[in-house]
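Enquirer:
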Amino acid sequence: MTQPALALTPTHLLNYQDSYGNISLKYSGNIRLPDPLVVDGNLNLENSRINMLPLSLTVKGNLNLAYSDIEYLPLALKVDGYINLAYSKIKQLNFGLQVHGDLSVAHTKLKKLPDNLYVKGDLLLQNSQIRTLPNKLVVDGNIYIGNMALTTIPNDITIGGSLYR
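Numbered by my numbering, the letters in the sequence shown go through residues 40 to 204 in order.
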């Protein structure tokens with residue numbers, strides 16, 4: 040893991056924040072974010088080379104990590120909206136992760152989802168390397184599993200919507 044070239048302070052982040060509290064660091068290099076970090080709106084790190092999130096991260100909107108270098112989510116993570124990890128380098132999700140919107144791990148090399156995962160919205164798994172759904176999975180919306188070889192669906196999962204191939 041390479042060291043970040045630049046560490047941003049909360050004051051520096053004001054340059055990347057709009058009047059709604061959204062912070063966008065799309066296409067940024069490998070910078071270090073302040074810890075703890077509270078974002079009043081959305082945090083967009085799409086296509087960034089940032090490879091490590093703060094140990095304590097609160098996002099009151101959506102978290103977009105699509106196409107990013109992020110491999111792990113912080114243990115102290117709270118996101119009020121969706122989490123988009125599509126095409127990211129994510130390697131593992133936290134046990135008991137709660138997502139209050141959609142969760143996309145589509146087109147990732149992620150091999151498994153954690154037990155006790157809760158997704159209020161839809162779960163998007165298309166083109167991922169996941170072969171089995173986790174124990175005690177709860178998805179209030181739909182699950183999309185196109186173009187993947189899902190081999191096991193445990194008996195103790197709850198799906199509020201439908202399972203789509």
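We put the CB at the ideal spot given by N, CA and C, even for glycine. Being a predicted model, the structure only gives us computed values, none of them experimental.
Would you check if the distance between the CB atom of Val98 and the CB atom of Val118 is smaller than 8 Å?
Expert: In this structure, Val118 lies closer than 8 Å to Val98 by Cβ.
Enquirer: Once you ignore the five residues that flank Ser201 on each side, which residues in its own chain have a CB closer than 7 Å to its CB?
Expert: Cβ neighbours of Ser201 beyond the five flanking positions: Asn181.
Enquirer: Tell me which same chain residues have a C-beta within less than 6 Å of the C-beta of Gly100, skipping the five on either side of it?
Expert: If we look at Gly100 and ignore the five residues flanking it on each side, its Cβ neighbours are Gly80, Asn81 and Gly120.
Enquirer: Pro75 and Thr48 - do their beta-carbons sit closer together than 8 Å?
Expert: Not a contact, by the Cβ cut-off of 8 Å.
Enquirer: Between Leu94 and Lys151, what straight-line distance do the alpha-carbon atoms span, to the nearest angstrom?
Expert: The straight-line gap from Cα to Cα measures roughly 22 Å.
Enquirer: So, with DSSP's three-state summary, where would you put Thr197?
Expert: Residue state, collapsed to three classes: strand.
Enquirer: Does Gly185 pass the burial test, meaning 16 or more other C-beta atoms within 10 Å, or should it be called exposed?
Expert: Exposed, because fewer than 16 other Cβ atoms sit within 10 Å of the Cβ of Gly185.
Enquirer: Put Tyr66 into one of helix, strand or coil per three-state DSSP.
Expert: Residue state, collapsed to three classes: coil.
Enquirer: Mind checking Asp146: buried by the 16 CB within 10 Å criterion, or exposed?
Expert: It should be pointed out that residue 146 corresponds to His in this sequence rather than to Asp. Result: buried.
Enquirer: Using the three-state DSSP reduction, which class does Asn155 fall into: helix, strand or coil?
Expert: Three-state result, Asn155: coil.
Enquirer: Have a look at Asn174, Gln165 and Arg204 and flag the residue whose alpha-carbon is nearest the alpha-carbon of Asp195.
Expert: Cα-wise, what sits closest to Asp195 is Asn174.
Enquirer: Hey, out of Tyr66, Asn155, Leu52 and Leu176, whose CA is closest to Ala105's CA?
Expert: Taking only the C-alpha atoms, the option nearest Ala105 is Tyr66.
Enquirer: Can you tell me which of Gly160, Leu164, Met187 and Leu172 puts its alpha carbon nearest to the alpha carbon of Gly199?
Expert: The residue with the shortest Cα to Cα distance from Gly199 is Gly160.
Enquirer: Excluding five sequence neighbours on each side, which residues of the same chain lie with their C-beta closer than 6 Å to the C-beta of Gln165?
Expert: Taken in chain order, the residues that qualify are Ala145, Tyr183, Gly185 and Asn186.
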